[in-house]
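Here is the structure we will look at, set down as structure tokens.
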């Protein structure tokens, strides 16, 4: 009797899977349903143990599941799983704290007939469902051999996404890299000032003072000069020959803070020290860009001359204003198609030469043309031919952003102003309208830029026309017909009166 094994069907319970589960991702929902089945077993078994606690003496509890993923969840650490799995694994372990879980093959699983479905007459004769698998009757069966091998953790579903913090340690940090992290000059000064406060003993509290702001700016300037003007700094320090000569003519020197300044000819002027000896700044650096942007904002978006005049009160930027000339070229086209654009571009190149860069407006009314242009210039069949004809760089502005092309939008506004004042109710032919457009182009290119001399009696000024043809763009003199009656004028005289 000691080796006799008796198996009884005591109780069973099933649960229908929800409808949403059948529509979800099968790779995720099947293991979850298997886990819910294990929880259903744990609750049923816990209830039976409570009912039979005074009737039967229980020495060992062993449960089986045919899901390898569920067994891996039950044997793993709870905190590494997602909330759904963690909550149910915790509940199962609390209901059956001393239970041993083993793996059973699907062919030996007595719960399969209940889950897969079976007719009543078939169920009555199904020995697996009522009496269990054959290995339960073997007294020499080692249940430990039925335990599942360890499941690879990296292959388990429902694992929490792990985030790792990786720190890169550098022996030295370039000052230019630190300055490039800031978007405004005031923020850079404020952060550097607080960093200097952390180094002070005792600690300083309260708002940042003006002296701290100045110290932070001087440190940023010194770091920028040592990065981009290190050769000039060594030449001045060693009292050697300074190159280039354009900088040597300005008598640069190093002040008490180690910053390079310009000497110039204002030593005896009644000006501030910063105005007499401005700080030298490289042209294309992040700090220089922050300073220009700062003065641009405090001048309420003033022009380049106003911004430069304010900057020169304290700083001197190498080649601070390179683009000083703007000339206008107007073309008449029949429509805004790609062919008309390319024809106008050919006329422009024939008269003005091949440009180095082309900036194209992408307004909403030109979106279709821009798409055609991009397709035209990006196409493999036409790319070689077009780039061979027009070897220039193309830049497309963002859509709905006319402020990106302010330099030519101002010229468009001026041209429209002249058109509205001149055309009136007249209907022009193509030849007449082309003549008018060309006249407006000449007027716009005759606007004064700078006086040609310092003599107050010299009324000649420098215009864009001087750079185009060497003299102002003036039309041929003709008879004044402004006060002549309209019915006495010919067609050309009528147009001249409008001009």
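In our numbering, the protein residues as written are 23 to 521. Every residue, glycine too, gets a C-beta built ideally from N, C-alpha and C.
For residue 417, there is no enclosing alpha helix (DSSP H); the residue is part of the beta strand (DSSP E) that begins and ends at 415–418.
DSSP places residue 52 within a helical segment (H, G or I) once states are collapsed to three. With a 10 Å radius around the Cβ and a threshold of 16 neighbouring Cβ atoms, residue 95 comes out buried. Here residue 221 carries a helix assignment [DSSP, helix/strand/coil]. Listed in chain order, the beta strand (DSSP E) elements of length 3 or more contained wholly in the segment 336–381 are 337–339.
Residue range 301–303 is occupied by the beta strand (DSSP E) that includes residue 303.
Assignment of residue 27 by DSSP, reduced to helix, strand and coil, places it in the coil class. Taking every protein chain shown into account, the CB of residue 129 has fewer than 16 other CB atoms within 10 angstroms, so this residue is exposed. Contiguous beta strand (DSSP E) elements confined to the segment 222–277 occur at 274–276, taking only those with 3 or more residues. Secondary structure note for residue 87: its beta strand (DSSP E) is the uninterrupted segment 84–87. In this structure, DSSP gives residue 484 an extended state, which the three-state scheme calls strand. Between residue 427 and residue 378, the CB-CB gap reaches or exceeds 8 Å. No Cβ-Cβ contact shorter than 8 Å links residue 178 with residue 29.
Secondary structure note for residue 157: it is in no beta strand (DSSP E), with a DSSP letter that is neither H nor E. Contact between residue 282 and residue 254 holds, with the beta-carbon distance rounding to 7 Å and staying under 8 Å. Beta-bridge partners of residue 69 (DSSP): none assigned. Counting only residues of its own chain and dropping the five nearest sequence neighbours on each side, residue 216 has a CB closer than 8 Å to the CB of 230. The C-beta separation of residue 111 from residue 100 comes to about 6 Å, placing the pair in contact by the 8 Å criterion. Here residue 246 is near residue 309, since their CB atoms are less than 8 Å apart. The Cβ atoms of residue 317 and residue 300 do not sit closer than 8 Å to each other.
Remark: C-beta atoms of residue 87 and residue 126 approach each other more closely than 8 Å. By the neighbour-count criterion, in which a residue is buried when 16 or more other Cβ atoms sit within 10 angstroms of its Cβ, residue 210 is buried.
Between residue 187 and residue 350, the beta carbon gap of about 57 Å keeps them out of contact (Cβ cut-off 8 Å). Rounded to whole angstroms, the separation of the alpha carbons of residue 183 and residue 83 is 35 Å. For residue 318, the secondary structure class from DSSP, reduced to helix, strand or coil, is helix.
Look at residue 204 here: in three-state DSSP terms it is coil, with no helix or strand label. Looking at the backbone, the Cα of residue 370 and that of residue 425 are separated by about 24 Å. In terms of Cβ geometry, residue 304 and residue 340 form a close pair [threshold 8 Å]. If you look at residue 323, you'll find it isn't in any alpha helix (DSSP H); DSSP assigns it neither H nor E.
The alpha-carbon separation between residue 465 and residue 352 amounts to approximately 11 Å. When only Cα atoms are considered, residue 54 and residue 151 end up about 24 Å apart.
In this chain, the alpha helix (DSSP H) harbouring residue 114 covers 105–117.
For the 8 Å CB-CB criterion, residue 118 and residue 67 form a contact. Exposed is the label assigned to residue 439, since fewer than 16 other Cβ atoms lie within 10 Å of its Cβ. In the structure shown, residue 57 adopts helical secondary structure according to DSSP, grouped into three states. Taking 8 Å as the cut-off, the Cβ atoms of residue 92 and residue 57 count as close.
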